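Numbering (the numbering used here), first residue to last: 2 to 526.
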């Protein structure tokens, strides 16, 4: 039996390799360019083509029997999710088709393997949830048996207690079944459908406890949020919508801690959406996030909830910093100052002795805010802020070692490079050149972990940073040395542009393109 999804991916890839339009292929296969819609349906896995059409497609696209045989033999199964590193390109595309990945043919092998690794993790969570339903069903059978025994003994109070428990467990099973269905929808990219199912699951608990739908929404929204964070799309916006529904169902005075929990979740969702959204809309989202964090902090006080208070202060600092970097003039500077204040407040609880990992994370965040302040501030005051930023990064690196926290170590090295670069550009002369050299060292250290194969976007951003610092070095050099620095800069930015896709990362692509044009102009090309 032909696997139509696998055949769809093969046809689409082969047509792309031959640079044929759907109209041209329709003319070759059907003798009618107007049937391009039939080609589209085949490529989208909507139909299983007849054998005669399969043969015509194979002839038109030079699809060999060796390529077609695996597609006729079997569909991929869950075992392949444990074999992703060893799968062939065709097997990767075939497996991606099962998860309805529309642009699999456009992804590199590394990108496709990373995406499928994420899908495999989702699948395992989904499978574990389904497997867990059996235990719930067994529990119901035991409870019903006990209720029957109590009825034989005419113990009606015990019967009521047991049947009430049966009712609760059956409600729980029905909800968990809905959550499993929502996970199934998310694995296929059907985010709106998952939202509808999860909303129904939350509402099913209204008869158990009026506030239980609120609690459930604050759990379920994380599935939507995580999907949006990982894959983009509507997940984050629908997560926000679910949290707002929860807030509409609980009043601060009735259950202040649940209300504060919802405000905190809303702030996180808004903050991450705001970071990803440009212009006034993004600024408005960040402003709402700041308001939600401050609302949560009305209940989550340092005296009663010190750890949660410190986390909220850290997150508030991030939202304020993002607001500040987007806002010009004194208003933006004031927001950055408030961000620094929030981070310093968090560090009063997040000490190195008591919370070393959180302390290092907040030190890194403090460094970012101080560096942003320093870039906006001239003279000795700006230099002092940049010096404080470098100090905060170096402090973070005392805990964020490469051995213990490689990804965070690389991230902080990159941030350190940014601050050193700004220091070097401002300082000038031999001292400035030395600082720029330290910046290059920090960036190169980051690249030891953020490789192109495993972290392509972070790798590209660091390559762009290296290009910028090499341009700065060239400005302090003369003749052949300056030209060599510019050539290195060109190599770095061209590497970044191999990753920055104009369709999916237009801002990064445009910024790196302008940098490349400037370097080429300096080289006289």
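The C-beta atom is built at its ideal place from N, Cα and C for all residues, glycine as well. Source: prediction; values computed, not measured.
Residue i versus residue j: straight-line alpha-carbon distance, rounded
| i | j | result |
| --- | --- | --- |
| residue 488 | residue 419 | 20 Å |
| residue 438 | residue 486 | 12 Å |
| residue 258 | residue 304 | 14 Å |
| residue 518 | residue 511 | 11 Å |
| residue 374 | residue 445 | 25 Å |
| residue 240 | residue 229 | 9 Å |
| residue 131 | residue 181 | 7 Å |
| residue 456 | residue 353 | 29 Å |
| residue 68 | residue 404 | 44 Å |
| residue 321 | residue 336 | 6 Å |
| residue 118 | residue 82 | 7 Å |
| residue 224 | residue 280 | 27 Å |
| residue 319 | residue 11 | 45 Å |
| residue 222 | residue 525 | 54 Å |
| residue 25 | residue 34 | 6 Å |
| residue 50 | residue 71 | 17 Å |
| residue 29 | residue 17 | 15 Å |
| residue 523 | residue 473 | 12 Å |
| residue 107 | residue 231 | 18 Å |
| residue 178 | residue 134 | 8 Å |
| residue 93 | residue 212 | 45 Å |
| residue 338 | residue 199 | 40 Å |
| residue 504 | residue 46 | 24 Å |
| residue 60 | residue 454 | 36 Å |
| residue 15 | residue 9 | 10 Å |
Spatial neighbours of residue i in its chain, beta-carbon cut-off 6 Å, leaving aside the 5 residues before and after
| i | result |
| --- | --- |
| residue 491 | 520 |
| residue 315 | 347 and 363 |
| residue 36 | 27 |
| residue 283 | 275 |
| residue 147 | 163 |
| residue 40 | 23, 26 and 27 |
| residue 496 | 464 |
Coil, strand or helix - residue i by DSSP
| i | result |
| --- | --- |
| residue 8 | helix |
| residue 156 | coil |
| residue 512 | helix |
| residue 354 | coil |
| residue 378 | coil |
| residue 329 | coil |
| residue 506 | coil |
| residue 40 | helix |
| residue 57 | helix |
| residue 467 | helix |
| residue 479 | coil |
| residue 244 | helix |
| residue 64 | coil |
| residue 455 | coil |
| residue 305 | coil |
| residue 525 | coil |
| residue 254 | coil |
| residue 495 | helix |
| residue 25 | helix |
| residue 32 | coil |
9 Å Cβ cutoff met for residue i and residue j
| i | j | result |
| --- | --- | --- |
| residue 287 | residue 264 | no |
| residue 317 | residue 343 | yes |
| residue 367 | residue 387 | no |
| residue 267 | residue 248 | yes |
| residue 176 | residue 187 | no |
| residue 410 | residue 398 | yes |
| residue 218 | residue 203 | yes |
| residue 104 | residue 184 | no |
| residue 499 | residue 461 | yes |
| residue 428 | residue 417 | no |
| residue 3 | residue 55 | yes |
| residue 408 | residue 458 | no |
| residue 470 | residue 433 | no |
Residues near residue i by beta carbon distance below 8 Å, same chain, minus five either side
| i | result |
| --- | --- |
| residue 494 | 464, 465, 468, 513, 516, 517 and 520 |
| residue 252 | 260 |
| residue 328 | 284 and 336 |
Heavy atom of the ligand SAH within 8 Å of residue i beta-carbon
| i | result |
| --- | --- |
| residue 105 | With respect to small molecules bound, the structure shown includes none, and the ligand SAH cannot be examined in it. |
Chain-order list of residues whose beta-carbon lies under 7 Å from that of residue i (same chain, five-residue window excluded)
| i | result |
| --- | --- |
| residue 101 | 189 and 190 |
| residue 396 | 364 |
| residue 390 | 368, 371, 372, 375 and 420 |
| residue 291 | 317, 320, 321 and 324 |
| residue 214 | 203, 204, 206, 207 and 250 |
Minimum Cβ-Cβ distance from residue i to chain B less than 9 Å
| i | result |
| --- | --- |
| residue 452 | In the displayed structure, chain B is absent; only one protein chain is listed. |
Exercise. Which ranges does the alpha helix (DSSP H) cover as unbroken runs of at least 4 residues, wholly within the stretch 394-435, from first to last along the chain?
Worked result: Every unbroken stretch of the alpha helix (DSSP H) spanning 4 or more residues and falling wholly within the stretch 394-435 is given here in chain order: 407-428.
Exercise. Can you give, in chain order, each stretch of the alpha helix (DSSP H) that sits fully within the stretch 162-216 and has at least 4 residues?
Worked result: Here the runs fully enclosed are 192-204.
Exercise. For the stretch 68-141, which segments carrying the alpha helix (DSSP H) assignment without a break, of at least 4 residues, lie completely within its bounds, in sequence order?
Worked result: Fully enclosed alpha helix (DSSP H) runs of 4 or longer: 90-99.
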